[in-house]
Structure formats: structure tokens, C-alpha cells
Amino acid sequence: MRKIISVISVLMLSGSLYAGSAMAENAVAGDVNGDGICGVADLNLVNDYVLGKIQFSENQCYSADMNGDSRVDSFDLVVMRRKLTVADAVLPVGKYTGVSENGIRHYTFFEGGGNYIDDSTGMGSLFAWEINGNNITVHISSAENTTNDVIEWTDENHFNIVWEDGTVEKFSPNRVEVIDGVTYIDGILIANKSYGLPVNYNPNGLTAETQKAFNEMASDASKDGLCLCVYSGFRSYIYQQQIYNNYVSLYGQVTADTFSARAGHSEHQTGLAIDVNCADDSFDGTPEALWLAENSWKYGFIIRYPKGKQDITGYKYEPWHVRYLGKETAEKVYRSGLTLEEYLGIDSVYK
Ligand SMILES: [Zn+2]
């Protein structure tokens with residue numbers, strides 16, 4: 005009995021009372037951040053609030069009080085989580101890794117179906133799934149082999165499946181692949197401040213595809229009376245090390261880091277990046293720079309370090325530095341209006 009009382013008093017302490025008057029008319033229950041829906045972001049906020057990490061306004065308390073007892077505590081988290089689970093009783097489309105006590109499985113989900121490959125045996129299975137009330141039903145290998153399972157999202161990118169037999173499998177998106185020390189995000193090779201290249205990564209020049217795309221671009225630009233040439237293309241790890249060290253000795257490391265990459269972090273080492281015509285501010289605003297900004301995506305390139313995005317890309321504006329992504333991806337990135345970091349949801353910070 006004593007134990008129960010102490011548990012209750014802890015629970016009472018963990019939630020704080022607010023003046024539970026109905027103030028926010030038309031408020032969506034659970035919409036703590038005011039974006040009109042009750043989502044995972046709201047759940048995270050309530051979680052932080054219950055843990056005492058953040059404060060809520062009275063309106064936020066009202067929105068977060070899912071069970072209407074004029075306090076916001078872990079019981080509201082339970083109600084909110086259940087509400088979200090109901091709304092999210094579908095599998096996301098894409099590649100995910102599932103980890104459970106039974107081992108690792110590599111999944112591909114698509115609408116209503118998917119497959120997985122067991123990491124240890126290399127054996128695969130196909131499955132179909134459908135929404136079943138608040139949960140999902142999964143048919144593995146055949147329509148008769150069914151399990152009724154629960155999906156629980158833990159944040160925007162991660163979820164668990166609680167299988168019918170009680171096994172909990174934790175799923176993470178397969179976005180990052182590291183092959184021989186080289187990082188690919190969604191299949192795109194990345195070299196920035198967060199993701200480096202090994203010392204021996206050396207395509208010995210621009211990749212053939214990059215050179216071909218550049219030649220095509222330069223040829224078309226020449227029809228407009230403009231001259232595009234490769235001022236700096238591939239740079240090896242060792243060469244970049246010399247360049248960077250030289251800048252550090254001239255300007256100090258803090259300044260050097262704003263415009264020069266540390267060895268292993270230069271996009272020039274990928275053989276996919278080109279400084280066009282020159283590599284200084286005199287290029288900005290030239291007809292060539294304007295043409296490049298407007299047209300390079302058509303040939304598979306993007307302006308890699310756009311103006312005003314230094315805190316995202318890690319580099320100041322470089323209108324001369326283009327990165328080859330292939331036509332399809334370059335067009336998507338160009339039309340998104342985002343930097344490559346934003347497009348892939350990654351950062352660029354030395355760690
Ligand atoms: Zn460059």
C-alpha cells in the first residue's frame with residue numbers, strides 16, 4: 005500500500021496543474037505547436053514538457069490536456085500516443101531496417117506490400133499489408149499467413165512494429181550508406197563538413213560523366229557567346245591538404261574554414277565538382293555566372309553553395325562552384341529551391 009501511494013504522489017508531481025478553463029476555442033486536441041494538427045511534433049513537445057525540459061503557455065497546456073483533468077502529465081502522453089498510432093496505421097514507403105530480438109531484417113515497403121531480407125540468412129519474404137481498424141494486418145508469403153500488429157511511431161522517422169507474438173521490431177530509414185568509407189545519402193555521394201572522404205578516394209580527375217556533362221554545357225553556353233572553362237576540377241586529398249594548410253597559415257583556421265575545405269571534406273575530391281572560370285568574387289554577377297545559375301541544372305549541375313546559405317552548407321556563396329548530380333536529381337534539387345543539405349535533410353558541420 006505504501007508503495008502504491010508513493011507511486012501516485014510521484015505521478016502527481018510530474019504533471020503540473022493549470023487553470024483548466026476552456027480558453028482556446030476551436031483548438032484541436034493535442035495541437036500544442038498550433039499547426040492545426042495533432043502530430044508527432046506535438047507529442048515530442050508534451051514529452052519535453054512532462055520531463056520539465058520546456059515550459060508551456062496556458063493555451064498549450066489546454067491543448068495538451070488530452071484527458072481533460074486540468075493537468076498535463078504522462079497520462080496525456082499515453083492518450084496522445086494512442087491517437088497518433090491510430091492515425092498512422094500505415095507503413096511508410098521506402099527502405100527501412102528492422103531490428104528485433106530475432107535479428108536484423110532489411111525491408112522495402114510500398115503501398116500495401118513489401119519485402120524483407122533477413123540479414124543473417126540472406127533469405128527474403130514478400131508480404132502484403134492492410135489497415136485493420138487501429139492497427140495493420142500483415143500477410144507474410146501468403147494470404148492465409150496473417151498477423152495483426154501495431155505500429156507505434158517514436159518520431160517522424162522511426163517507428164516500432166509490435167508483432168502479434170509480442171516481438172517489438174524497431175525500424176529506421178535506410179538513408180545513409182557508407183561504402184568503402186564513402187557516404188551516400190539516398191544514393192547521392194556526399195562530401196561536406198559532416199561527411200568526409202577517405203584519403204585514398206581518388207577518381208584521378210573529373211568523372212567521365214561529369215566531364216561530358218560539362219562539355220555539353222560549355223558548348224551550349226558558347227552559342228550564347230559565353231565561355232565556360234574548368235578552373236579547378238578534381239583535387240586529391242593530399243593537394244587539398246596543402247591548399248587548406250596554406251590558407252590556415254595565411255588567415256587562421258576560423259576564416260579558412262568558411263571558404264576552404266579540410267582535407268577529405270572537399271567536394272573537389274569527388275571528381276564531381278568544378279570551379280567554373282575562376283574561384284573568387286569577381287565571378288559574381290558576370291554573364292557567365294548568371295547563365296550558370298539559370299541553366300546548369302539542365303546539364304545535371306547545381307550551384308552548390310548558394311547565397312545566404314552559409315550556415316547550412318558550411319560555405320560562403322560560391323557562384324562558380326557547381327556539383328554534378330545527374331540531370332534528374334539536379335532538376336529536383338533546383339526546382340526545390342533548397343541546398344543539397346536541406347534537400348537531403350543533413351547538416352554540414354565539422355564534428
Ligand atoms: Zn570549388
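For the sequence shown, this note's numbering begins at 5 and goes up steadily by one.
Just so it is clear, CB atoms sit at the ideal spot from N, CA and C, and this is done for glycine as well.
Being a predicted model, the structure only gives us computed values, none of them experimental.
Please find out if some non-hydrogen atom of ligand 1 comes closer than 6 angstroms to the beta-carbon of Asp375. As shown, the chain starts at 5 and ends at 355. That puts residue 375 outside it, with no answer to give.
Report whether the distance from the Cβ of Asp279 to the nearest heavy atom of ligand 1 is below 6 angstroms. Asp279 Cβ: within cutoff of ligand 1.
Supposed close pair Ala265, Tyr248 - CB separation, criterion 8 angstroms: 7 angstroms
Contact check, Leu201 vs Gly275 under 8 angstroms by CB: the rounded distance? That pair is no contact at about 10 angstroms.
Jot down the residue ranges of each uninterrupted alpha helix (DSSP H) in the region 44–125, minimum 4 residues, whole runs only, in chain order. 44–54, 62–68, 78–91
Limits of the unbroken alpha helix (DSSP H) element including Ile247: 241–255 is the span of the alpha helix (DSSP H), which, as asked, contains Ile247.
Residue nearest to Asp261 in terms of C-alpha spacing, selected from Glu332, Tyr241, Val180, Val353: Val353
Alpha carbon to alpha carbon, how far is Ser300 from Asp228? Give it in angstroms, no decimals. If you take the alpha carbons of Asp228 and Ser300, they lie about 14 angstroms apart.
Under 6 angstroms Cβ to Cβ from Ile121, same chain only, skipping five residues before and after it: list those, please. His110, Gly128
Start and end of the beta strand (DSSP E) containing Trp157? 150–157
Would DSSP call Lys336 helix, strand or coil? Of the three classes helix, strand and coil, the one that applies to Lys336 here is helix, per DSSP.
Whole-number beta carbon distance between Asp35 and Cys42, since they are thought to touch under 8 angstroms: 5 angstroms
Taking the Cβ atom as the reference point for each residue, do Leu210 and Gly191 lie within a distance shorter than 7 angstroms? no
Pop quiz: Thr112 and Gly118 are said to be a contact at Cβ under 8 angstroms. What is the actual Cβ separation, rounded to whole angstroms? 5 angstroms
Is Tyr248 close to chain C? Criterion is C-beta to C-beta, closer than 7 angstroms. Among the chains in the structure shown there is no chain C, since it carries only a single protein chain.
Inspect the beta-carbon positions of Gly349 and Tyr328 and report whether they are closer than 7 angstroms. No, the Cβ-Cβ distance between Gly349 and Tyr328 is not below 7 angstroms.
7 angstroms Cβ cutoff met for Glu1 and Thr141: With the chain represented from 5 up to 355, any question about residue 1 goes unanswered, as that position is not in the structure.
Could you have a look at Asn299 and say whether DSSP puts it in helix, strand or coil? helix
Straight-line gap, Lys7 to Ile144 (C-alpha atoms, nearest Å): Residue placement at Lys7 cannot be trusted, given a pLDDT of 42 that sits under 50; what the coordinates show is reported in the next sentence. When rounded, the distance between both Cα atoms is 45 angstroms.
Would you call the region 276–285 and the region 320–336 touching, i.e. three or more CB-CB distances under 8 angstroms? yes
I want to check one thing, is the minimum distance from the CB of His143 to the heavy atoms of ligand 1 below 6 angstroms? Shortest gap from the CB of His143 to any heavy atom of ligand 1: 6 angstroms or more.
Cβ of Trp295 within 7 angstroms of Cβ of Leu230? Judged by their CB atoms, Trp295 and Leu230 are nearer to each other than the 7 angstroms cut-off.
What I want to know is whether the C-beta of His325 ends up closer than 6 angstroms to one or more non-hydrogen atoms of ligand 1. yes
What residues in its chain sit with their C-beta under 6 angstroms from that of Thr150, if we drop five residues either side in the sequence? Thr141, His143
Secondary structure of Thr317, DSSP reduced to three states: helix
Nearest to Leu130 (by Cα), restricted to the options Leu55, Phe114, His162, Asn71: Phe114
Only counting the same chain, and skipping five residues up and downstream in sequence, which positions put a Cβ closer than 8 angstroms to that of Glu292? Ala225, Leu230, Cys231, Leu232, Val280, Asn281
Proximity below 7 angstroms, CB of Tyr199 to CB of Thr187: yes
What residue range is occupied by the uninterrupted alpha helix (DSSP H) comprising Leu348? 344–348
Only counting the same chain, and skipping five residues up and downstream in sequence, which positions put a Cβ closer than 8 angstroms to that of Pro207? Phe238, Thr274, Gly275
What does a CB cutoff of less than 7 angstroms around Glu335 pick up in its chain, not counting 5 residues either side in sequence? Trp301
According to DSSP, is Ala217 helix, strand or coil? helix
Contiguous alpha helix (DSSP H) assignments of at least 4 residues, all confined to the region 173–233: Runs found: 212–227.
Contact set for Asp80: own chain, Cβ-Cβ below 7 angstroms, skip 5 residues either direction: Cβ neighbours of Asp80 beyond the five flanking positions: Val50, Ala68, Asp69, Met70, Asn71.
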